[in-house]
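S.K.:
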Amino acid sequence: MIIYNVTINIDESVHDQWLNWMQTKHIQDMLNTGCFKSARLVKVLVDEDMGGVTYSVQYLAETKEALADYKENHAPHLRNEGLQLFADKMLAFRTDLEIISEHE
């Protein structure tokens, strides 16, 4: 399994609008690509020197190929929508993670 992790710092001036958009539209749009099995939105518990609120969205893909399909065929459109809505009010970086083992 692969985790596609997107960490986003969102300016407080658009925080509520962004959080609503993420929970009611964007995450579902990501899942609707068929590339991801599930998603988890978590708040990063840190006080940012730069201000804003930081979140991590973890999308679970079954294979590296599914993630590659997302990046090639869906990412440009979906990323552009966020940039159009929130422009310089958000800063995002992405990390691909491979699950090696899970323990409970």
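Numbering (full-length UniProt numbering) for the sequence shown: 1 to 104. Just so you know, even glycine gets a beta-carbon here, dropped at the ideal spot from N, CA and C.
#1: Would you report the Cα separation of Asp49 and Lys89, rounded to the nearest angstrom?
#2: When DSSP builds the beta bridges, which residues end up paired with Ser101?
#3: What residue range is occupied by the uninterrupted beta strand (DSSP E) comprising Gln58?
#4: With DSSP as the reference, label Lys89 as helix, strand or coil.
#5: When you compare each of Leu67, Asn32, His26, Gln58 to Arg40 by their alpha carbons, which one comes out closest?
#6: Could you check what DSSP says for Val42 in three-state terms: helix, strand or coil?
#7: In terms of residues, what are the limits of the beta strand (DSSP E) holding Val14?
#8: Just tell me which of Glu98, Asn80, Ile10 has its CA closest to the CA of Met1.
#9: Looking at the secondary structure, which residues open and close the alpha helix (DSSP H) in which Lys71 lies?
M.R.: Reading off the structure:
#1: Numbered from 1 along the sequence shown, position 49 holds the residue referred to as residue 49. Numbered from 1 along the sequence shown, position 89 holds the residue referred to as residue 89. Cα atoms of Asp49 and Lys89: separation of roughly 15 Å, rounded to the nearest angstrom.
#2: Here the question's residue 101 lines up with position 101 in the sequence shown. Residue pairing of Ser101 in beta bridges, as defined by DSSP: absent, with no partner found.
#3: Here residue 58 refers to the residue found at position 58 when the sequence shown is read from its first residue. Gln58: member of the beta strand (DSSP E) spanning 53-61, first to last residue.
#4: Position 89 of the sequence shown, counting from 1, holds the residue named residue 89. Under the three-state reduction of DSSP output, Lys89 falls in the helix class.
#5: In the sequence shown, the residue the question calls residue 40 occupies position 40. Ranking Leu67, Asn32, His26, Gln58 by Cα distance to Arg40 puts Gln58 first.
#6: Start at 1 with the first residue of the sequence shown, and residue 42 comes out as number 42. Strand.
#7: Here residue 14 corresponds to residue number 14 of the sequence shown, with the count starting at 1. Element bounds for Val14: n/a, residue is neither H nor E.
#8: Start at 1 with the first residue of the sequence shown, and residue 1 comes out as number 1. Answer by Cα proximity: Glu98.
#9: The residue given as residue 71 occupies position 71 in the sequence shown. Lys71 -> alpha helix (DSSP H) spans 64-73.
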